[in-house]
Amino acid sequence: MSDSDTTVHGAETLGFQAEVKQLLHLMIHSLYSNKEIFLRELVSNASDACDKLRFEAIDKPELMQGDTELRIRIEYDKELRTVTISDNGIGMSRDDAIANLGTIARSGTREFFSQLTGDQQKDAQLIGQFGVGFYSSFIVAQKVSVLSRRAGLPETEAILWESDGQGEFSITPVEKADRGTAVTLYLREGEDEFLNGWKLREVLRRYSDHISLPIQMLKEEWDSEKSEQVKKNEWETVNQANALWTRAKADITDEQYKEFYKHVAHDYDDPLAWTHNRVEGRSEYTQLLYVPKHAPMDLWDRDARRGVKLYVRRVFIMDDAEQLLPAYLRFVRGVIDSADLPLNVSRELLQESRDVKVIREGSTKRVLSLLEDLAENKAEDYAEFWKQFGLVIKEGVGEDHANKDRIAKLLRFASTQAEGSAQTVSLADYVGRVKEGQDKIYYVSADTFAAASNSPHLEIFRKKGLEVLLLSDRVDEWMLSHLREFEGKQLVSIAKGGLDLDKLADEEEKKHQSEVAETFKPLVERLKTALGEKVKDVRVTVRLVDSPACVVVDEHELSPHLMRMLQAAGQETPQVKPILEINPEHALVTRVQGAPEADFGDWAQLLLDQAMLAEGAQLADPAGFVKRMNRLILNA
Numbered sequence: 001m002s003d004s005d006t007t008v009h010g011a012e013t014l015g016f017q018a019e020v021k022q023l024l025h026l027m028i029h030s031l032y033s034n035k036e037i038f039l040r041e042l043v044s045n046a047s048d049a050c051d052k053l054r055f056e057a058i059d060k061p062e063l064m065q066g067d068t069e070l071r072i073r074i075e076y077d078k079e080l081r082t083v084t085i086s087d088n089g090i091g092m093s094r095d096d097a098i099a100n101l102g103t104i105a106r107s108g109t110r111e112f113f114s115q116l117t118g119d120q121q122k123d124a125q126l127i128g129q130f131g132v133g134f135y136s137s138f139i140v141a142q143k144v145s146v147l148s149r150r151a152g153l154p155e156t157e158a159i160l161w162e163s164d165g166q167g168e169f170s171i172t173p174v175e176k177a178d179r180g181t182a183v184t185l186y187l188r189e190g191e192d193e194f195l196n197g198w199k200l201r202e203v204l205r206r207y208s209d210h211i212s213l214p215i216q217m218l219k220e221e222w223d224s225e226k227s228e229q230v231k232k233n234e235w236e237t238v239n240q241a242n243a244l245w246t247r248a249k250a251d252i253t254d255e256q257y258k259e260f261y262k263h264v265a266h267d268y269d270d271p272l273a274w275t276h277n278r279v280e281g282r283s284e285y286t287q288l289l290y291v292p293k294h295a296p297m298d299l300w301d302r303d304a305r306r307g308v309k310l311y312v313r314r315v316f317i318m319d320d321a322e323q324l325l326p327a328y329l330r331f332v333r334g335v336i337d338s339a340d341l342p343l344n345v346s347r348e349l350l351q352e353s354r355d356v357k358v359i360r361e362g363s364t365k366r367v368l369s370l371l372e373d374l375a376e377n378k379a380e381d382y383a384e385f386w387k388q389f390g391l392v393i394k395e396g397v398g399e400d401h402a403n404k405d406r407i408a409k410l411l412r413f414a415s416t417q418a419e420g421s422a423q424t425v426s427l428a429d430y431v432g433r434v435k436e437g438q439d440k441i442y443y444v445s446a447d448t449f450a451a452a453s454n455s456p457h458l459e460i461f462r463k464k465g466l467e468v469l470l471l472s473d474r475v476d477e478w479m480l481s482h483l484r485e486f487e488g489k490q491l492v493s494i495a496k497g498g499l500d501l502d503k504l505a506d507e508e509e510k511k512h513q514s515e516v517a518e519t520f521k522p523l524v525e526r527l528k529t530a531l532g533e534k535v536k537d538v539r540v541t542v543r544l545v546d547s548p549a550c551v552v553v554d555e556h557e558l559s560p561h562l563m564r565m566l567q568a569a570g571q572e573t574p575q576v577k578p579i580l581e582i583n584p585e586h587a588l589v590t591r592v593q594g595a596p597e598a599d600f601g602d603w604a605q606l607l608l609d610q611a612m613l614a615e616g617a618q619l620a621d622p623a624g625f626v627k628r629m630n631r632l633i634l635n636a
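Under UniProt numbering, the first residue of the sequence shown carries the number 1, and numbering increases by one thereafter.
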């Protein structure tokens, strides 16, 4: 409540949360071209309210006393210019109304508003990702009133919430004979199309036919004397009123699947793909699971509740049943309806249930099959999916050992053989074009794609025409600690000192390498002495073509990239001394070899510092590096 909130004759006037004001303004202006979605959103909310009552009534049957047939009703009044959507669901108390209608209490809010551009078309898409909900009422309404009484509260504790969407709302204590909520929209000028029974029925059948509750309107018949439709005092159901996931797939159109997704996911856009199956056997359940087109705003919020809706024998049990799918599939939306779980199942019981374990395994396999089909048959759709959710899928390599091989086939990477930073190369692509005799999959990791693609470690591989995967996502190093090989080929970092580069050389090259190593032995020893404890070793390398030096670590030590990530996360890391490798063919190394003893220590340190910088490391003494470099330049 803001300082300006007041109470007048029992009515409280409160200010909207700042984000709500901003969202209302955006919604009215950006979504106006598809304004009829207000009806879909309000019917969806009414359906959720009925589901919640049905669930609470499992433990408290008295909540439904006297009115056990749950339903949603739509009415319109041409004279008052109103449309009313009412339900006999759970209803709202005063505190519920303030929390649900006056604030946006959801994660991702700040990021959502930071991404808005002012471009109505782009912002409309963002609003859809964020969720439209109740506030879509103001697309067509100049004023909205919500009359509600929470189930279990007395008639005298109902509330009337009212607002014109301009910045404030009022809440007044009123009486209401029955539980539930009625949302009344006072339409703006020019919205007369919604004061028409045929139009409302058409929108409801298009957007809300899948709702499992009956949606009712008063029957109408043509009055030839008045030349208009006249309402009769008799309710009729205008939707199919059976749960969409219980119907046979052959009886459901793609359009109905898409509209159900928008209802269940509260998304504005169509889904990317879906899978609908009935599973019978040891455990019996139905799954209707969707992959969204866009990542939700809270995808990286670890505290956000997410998951699919759980039903038991068509009775709603809970939203966000995260136990039914692993965390790396947290973007999946949809419904799972079990025939075996008890109606009073709790989140704690879900974690221990054998039936839930079977559902989780089966649903995971089904989603992976859906993604495999996308990857194989709809490459463009899969590329879009990977752009949105690739980082999350990479988590699955370490989290889901049973499906690790399947997940590995779904991974995509940037590569020296692909253009730009787009992650388009699969491990199967890589293996399919390896050189004869190559038994490894090579990769290099860095903080950014630019750092990876310009790594000095790549030089010999580019010269030999060998493909290297370029890794720059924060999760990559962790993922590869769980993915050691693919189709019999070991994944190897080209920044590790144990790399067997001799296999890449012919006999003549090997002979030349041996001679060069012998020639530069004295220089290597001088560098070791000059650098002392700063390095683990110094040696001649053939991995460099254009750079004078690079640093590597031993095969089983943490890479510099992973060390920096762990340190940035505040974790302790073991002290790992780098191995300095020098390129004997480089002019700078020749210069160091001939340097006078007085300057040799500076040259040795310069080689090491340059190599560390090329690796993306921060120097312990950057000012010293600059002074040393300036001194050597002036002396030259």
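From the three backbone atoms N, C-alpha and C, an ideal C-beta is built for every residue, glycine too.
- Shown here, Gln166 sits in coil according to DSSP, grouped into three states, outside any helix or strand.
- In the DSSP assignment, Glu221 forms a beta bridge with Val230.
- Val144 and Ala182 have their C-alpha atoms roughly 10 angstroms apart.
- Of the residues assessed, Asn635 falls on the exposed side of the cut-off, its CB having fewer than 16 other CB atoms within 10 angstroms.
- Annotation for Phe260: His210 and Leu244 place their beta carbon closer than 6 angstroms to its own, counting only its chain and skipping 5 residues before and after.
- No Cβ-Cβ contact shorter than 9 angstroms links Val551 with Glu585.
- Distances from the alpha-carbon of Lys176 to those of Leu325, Gly91 and Gln618 put Gly91 closest.
- Closest in alpha carbon position to Leu483, among Gly465, Glu380, Trp300 and Ile441, is Ile441.
- Contact between the stretch 507-514 and the stretch 483-496 is not established, with fewer than three Cβ pairs separated by less than 8 angstroms.
- Positions of the alpha helix (DSSP H) runs, each at least 4 residues long and wholly inside the stretch 447-473, are given as 449-453 and 459-464 in order along the chain.
- Leaving aside the five residues that flank Leu370 on each side, the residues in its chain whose CB is nearer than 6 angstroms to its CB run, in chain order, Ala273 and Thr275.
- For Thr364, the uninterrupted alpha helix (DSSP H) segment begins and ends at Arg354 to Asn377.
- Contact annotation: the stretch 326-333 touches the stretch 385-400, with at least three C-beta pairs closer than 8 angstroms.
- Under the three-pair Cβ rule at 8 angstroms, the stretch 304-321 does not count as touching the stretch 398-408.
- Just so you know, the alpha carbons of Ser421 and Lys387 end up roughly 11 angstroms apart.
- By the Cβ rule, the stretch 207-226 counts as touching the stretch 36-49, because three or more pairs are nearer than 8 angstroms.
- In the three-state scheme derived from DSSP, where H, G and I count as helix and E and B as strand, Ser212 is classed as coil.
- Leaving aside the five residues that flank Lys219 on each side, the residues in its chain whose CB is nearer than 8 angstroms to its CB run, in chain order, Lys231, Lys232, Glu234, Trp235 and Glu236.
- Per DSSP, reduced to three states, the secondary structure at Thr181 is strand.
- According to the DSSP secondary-structure assignment, Asp337 is paired through a beta bridge with Thr286 and Tyr311.
- Here Arg333 is buried: its Cβ has 16 or more other Cβ atoms, across all protein chains shown, within 10 Å.
- Judged by beta-carbon spacing, Leu350 lies within the 9 angstroms limit of Ala321, meaning their Cβ atoms are closer than that value.
- Ranking Ser137, Pro154, Val174 and Glu189 by CA distance to the CA of Gly165 puts Ser137 first.
- C-alpha of Asn377 to C-alpha of Arg73: approximately 43 angstroms in a straight line.
- Listed as beta-bridge partners of Trp386 by DSSP are no residues whatsoever.
- Around the beta carbon of Trp300, fewer than 16 other beta carbons sit within 10 angstroms, so the residue counts as exposed.
- Residue pairing by DSSP places Met318 opposite Leu310 in a beta bridge.
- With contacts defined as CB atoms closer than 9 angstroms, Ala97 and Ile58 fail to qualify as a contacting pair.
- Counting along the chain, Asn277 sits inside no alpha helix (DSSP H); it lies in the beta strand (DSSP E) bounded by residues Ala273 to Val279.
- Arg539 is bridged by DSSP to Glu581.
- Your pair Pro173 and Gly10 checks out as a contact, with CB atoms roughly 6 angstroms apart and the cut at 8 angstroms.
- When DSSP states are grouped into helix, strand and coil, Gly432 belongs to the helix group.
- In the same chain as Thr448, and ignoring 5 residues on each side of it, the C-beta atoms closer than 6 angstroms to its own belong to Ser472, in chain order.
- Between Leu200 and Val146, the C-beta spacing is not below 9 angstroms.
- With a cutoff of 9 angstroms on beta-carbon distance, Thr416 and Arg462 are scored as near each other.
- Gly362 and Tyr290 have their C-alpha atoms some 15 angstroms from each other.
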